[in-house]
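Peer 1:
In the UniProt record's numbering, the protein residues as written are 1 to 228.
Structure representation (C-alpha cells):
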C-alpha cells in the first residue's frame, strides 16, 4: 500500500475516523501523482471520487455563460475537496486543474459518504470546515463591492493567507507559486495595479513573493484586513 494511504490517520481530516473506517477507506482509495497543468475533472463531470491532497496546490475554476467572468479558487495541500459537491451534487460545479504537481488520494464517493453519515464527529468536523469556507466566500463577495482596485489586491492577499498559509516560526507562508497575474485576476484588476501594490508591501517589509512561495512577514496586518 502507498505510504500516504497507509498513514491517513496522521492527517487532521481523517483523525476522527475509527480504525475500521480508516482501513476501509485506505484500502478502497487510489493514490495518484498528477503533473502540473493536468485537469483533474471538468465542471459538470459526474462525481465518482472525492479527493484529498497530500502535496501540491489545486486550482478550481468556473466561468459564467458569457465567458467574460472567471471565478478562481485554490485548495492547498493536506486538504479535502470538493466540499461544494459533498452530499449535495452528483456533478462537479468547478473545473479542477493541478496548479503544481500533485500527490493526491481518490476517495470513492459512495464509501466516504457512508462513513461520514455514520460518524457524527466527522460530520461535525466537515460542517465546521464548511462554515469556514462560507466565511471566506462571504469575504470574497464583499470584496467585489470595493471600488478601489488596490484595496481588492490587499484583501485578496489577506484571504489567500487565511485560506492557504501555514505558520512557520515567526512567519506565515503559502508554500506554493502564485503569480502577480493570478493575484490580479482574482482581485479583478490589472497586472500593473497588482504589481504596484505588491511593490509597496515589499518595500514596507510586509510581504515577499517569489517563484516558490509567498511569505507574510507582517501577518497581523493582513489579519486585520480580513476582520474589517
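Each residue gets a CB set at the ideal place from its N, CA and C atoms; glycine is no exception.
No experiment lies behind these values; they were computed from the predicted model shown.
1) Of all the alpha helix (DSSP H) runs that stay within the bounds of the region 137-222, which reach a length of 4 or more residues?
2) Give a yes or no on whether the C-beta atoms belonging to residue 189 and residue 140 are separated by under 8 Å.
3) Note the first and the last residue of the continuous alpha helix (DSSP H) segment covering residue 116.
4) Let me make sure I understand the geometry here. Which of 20, 56, 15, 48 has the alpha-carbon closest to that of residue 35?
5) Does DSSP classify residue 124 as helix, strand or coil?
6) Any idea what DSSP makes of residue 48, helix, strand or coil?
7) Have a look at 23, 98, 157 and flag the residue whose alpha-carbon is nearest the alpha-carbon of residue 41.
8) Drop a sphere of 10 angstroms on the beta-carbon of residue 59, count the other beta-carbons inside from all chains shown, and report buried for 16 or more, exposed for fewer.
9) Answer with buried or exposed for residue 164, where buried requires no fewer than 16 other C-beta atoms within 10 angstroms of its C-beta.
10) How would you write the range of the alpha helix (DSSP H) that residue 4 sits in, first residue to last?
11) Have a look at residue 167 and residue 174 and give me their C-alpha separation to the nearest angstrom.
Peer 2: On the basis of the data shown:
1) 149-164, 180-187, 191-203
2) no
3) 109-117
4) 56
5) helix
6) coil
7) 98
8) buried
9) buried
10) 3-6
11) 9 Å
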